Amino acid sequence: MKFVCSFAWADLEVQDEERDFVGSMIETLNLQDDRKQIEGWLKHPPPPEEVDPTDVPREHRELFLDAVRRLVAADDRIDPQEAETLALFEQLLV
1 MKFVCSFAWA
11 DLEVQDEERD
21 FVGSMIETLN
31 LQDDRKQIEG
41 WLKHPPPPEE
51 VDPTDVPREH
61 RELFLDAVRR
71 LVAADDRIDP
81 QEAETLALFE
91 QLLV
């Protein structure tokens with residue numbers, strides 16, 4: 001979830017729709033015990049050194065990319081910085 005939250009910051013602001021998306025992921029993935037920490041990453045971005053995309057296990061990479069793609073599209077507008085960051089992550093994880 002740290003990676004997903006870091007993506008919400010790609011355009012330097014977290015939109016309400018992105019917060020809602022992360023909230024629904026917390027529910028779907030049954031992460032209520034981690035809600036406070038996850039919501040904290042939406043208030044202040046995780047440190048860059050803690051979000052190395054190559055740390056995502058291979059078996060989870062497609063799930064991660066799918067979640068990030070849905071997050072980026074959650075506010076119905078894709079900022080050029082978001083698109084660039086997503087393209088970079090896709091290259092690193094494929």
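Going by full-length UniProt numbering, the sequence shown opens with residue 1, and the numbers climb by one from there. We put the beta carbon where it would ideally sit given N, CA and C, even for glycine. Keep in mind it's a predicted model, so treat the numbers as computed, not measured.
Residues of its chain near residue i, where Cβ-Cβ distance is below 7 Å and the 5 sequence neighbours each way are ignored
i: Glu50; result: Lys2
i: Asp75; result: Gln15, Glu17 and Glu18
i: Pro46; result: Lys2, Cys5 and Ser6
Residue i: first and last residue of the uninterrupted alpha helix (DSSP H) it sits in
i: Glu90; result: Pro80 to Leu93
i: Trp41; result: Arg35 to Lys43
i: Met25; result: Asp16 to Thr28
i: Leu65; result: Arg61 to Ala73
i: Ala8; result: Lys2 to Ala8
Residues near residue i by beta carbon distance below 8 Å, same chain, minus five either side
i: Leu12; result: Gln81
i: Asp20; result: Ala74
i: Asp34; result: Met1 and Ile26
i: Ala83; result: Val72
i: Leu65; result: Phe89, Glu90 and Leu93
Cβ shell of residue i (< 6 Å), same chain only, five flanking positions each side left out
i: Phe89; result: Pro53
Integer-rounded CB distance, given that residue j should sit under 8 Å from residue i
i: Leu93; j: Val56; result: 7 Å
i: Val22; j: Leu42; result: 6 Å
Residue i beta carbon near the ligand NAP (any heavy atom closer than 8 Å)
i: Ile26; result: With respect to the ligand NAP, the structure offers nothing, as it holds no ligand at all.
Proximity test, Cβ basis, 9 Å: residue i and chain C
i: Glu27; result: In the structure shown, chain C does not exist; there is a single protein chain.
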